[in-house]
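Reviewing the structure listed below.
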Amino acid sequence: MELLKKRILEEGKTIGSDVVKVDMFLNHQIDVELLCEIGKEFHRLFAASNINKIVTIEASGIGIACIAAQYFSVPVVFAKKGANRNVGDNIYKADVYSFTKGITTTIGISKDYLGPDDRVLIIDDFMANGKAVHGLINIINQAGATVEGIGIVIEKGFQPGGDALRSLGYRVESLAVIKSIDNGKIVFGN
Ligand code: G4P
Numbered sequence: 000m001e002l003l004k005k006r007i008l009e010e011g012k013t014i015g016s017d018v019v020k021v022d023m024f025l026n027h028q029i030d031v032e033l034l035c036e037i038g039k040e041f042h043r044l045f046a047a048s049n050i051n052k053i054v055t056i057e058a059s060g061i062g063i064a065c066i067a068a069q070y071f072s073v074p075v076v077f078a079k080k081g082a083n084r085n086v087g088d089n090i091y092k093a094d095v096y097s098f099t100k101g102i103t104t105t106i107g108i109s110k111d112y113l114g115p116d117d118r119v120l121i122i123d124d125f126m127a128n129g130k131a132v133h134g135l136i137n138i139i140n141q142a143g144a145t146v147e148g149i150g151i152v153i154e155k156g157f158q159p160g161g162d163a164l165r166s167l168g169y170r171v172e173s174l175a176v177i178k179s180i181d182n183g184k185i186v187f188g189n
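Quick note on numbering that gives the first Met the number 0: the sequence shown kicks off at 0 and runs consecutively.
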């Protein structure tokens, strides 16, 4: 998505050779007009997929998923973090290890909001090692729901998450794929 790549190049700040901060339009301050364009692009890509629910994970995924959902006219369910606390049995849970943060978080979705009739589009802001998406897939499988596709705003193509999911047969569409960060210069692979 050219508009997104332009914004990443113009405003993104790199940290070392593997992190790009996009706090100014995506992860902290949010450019809602840009999110609308992102939502339209996800809809263009997945319109034929007969999706009836979007699933994401808190926090940054929620805004993106909600705006995209307007174009699909479907509800959004977000996995909550901290589901290892006393939340009862009415919840599907999965453990997600974050390489970026070095911690494992238990995420959960209530059994009330995900079930066998759901055909799900997973949406998230970043894909690095793909652990968050694997956690969501685990939960969707527990619910007997179907993963129709995975929409990612920024994929770090030099980390294995996206390609590992593609090789498992999932349809992963990333609007910007960063191939490398070389001396602060971002190089796209798409
Ligand atoms: P993974 O799910 O693909 O395995 O990624 P990882 O655990 O490494 O990422 C942990 C968190 O860091 C995720 O947010 C992810 O979106 C974010 N992240 C990973 N790489 C980058 C990057 O280069 N730039 C930015 N801005 N974020 C990155 P989180 O902490 O789980 O969520 P949130 O509460 O911010 O949504």
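Every residue, glycine too, gets a C-beta built ideally from N, C-alpha and C.
Between which two residues does the beta strand (DSSP E) holding residue i run?
i, result
"GLY107", "102–109"
When DSSP labels each residue in this structure, what does residue i get in the three-state scheme?
i, result
"TYR169", "coil"
"ASP116", "coil"
"ASP181", "strand"
Quick one: Cα of residue i to Cα of residue j, how far?
i, j, result
"ALA58", "SER48", "25 Å"
"GLY160", "ALA127", "6 Å"
"GLY107", "ILE61", "15 Å"
"ASP124", "ILE90", "24 Å"
"GLY101", "ASP17", "15 Å"
"GLU154", "SER97", "15 Å"
"LYS178", "GLY87", "42 Å"
"ALA93", "PHE71", "27 Å"
"VAL171", "ALA142", "21 Å"
"TYR112", "PHE41", "22 Å"
"GLY81", "GLY183", "34 Å"
"ILE122", "THR105", "18 Å"
"MET23", "ASP117", "34 Å"
"ASN83", "GLY134", "14 Å"
"GLU1", "GLN69", "22 Å"
"VAL75", "ILE185", "32 Å"
"LYS110", "GLU9", "42 Å"
"ASN189", "ARG165", "15 Å"
"GLU32", "LYS39", "11 Å"
Looking at residue i: is its Cβ nearer than 8 Å to the Cβ of residue j?
i, j, result
"THR13", "ILE180", "yes"
"LEU167", "PHE45", "no"
"ALA78", "ILE63", "no"
"LYS4", "PHE157", "no"
"ALA131", "VAL152", "no"
"ILE7", "VAL21", "yes"
"ILE66", "LEU25", "no"
"ILE50", "GLU147", "yes"
"GLY114", "ALA144", "yes"
"TYR169", "ILE138", "no"
Those runs of the alpha helix (DSSP H) which lie wholly inside the segment 20–103 and span at least 4 residues: 31–45, 59–71
Uninterrupted alpha helix (DSSP H) stretches inside the segment 121–155 (no shorter than 4 residues): 130–141
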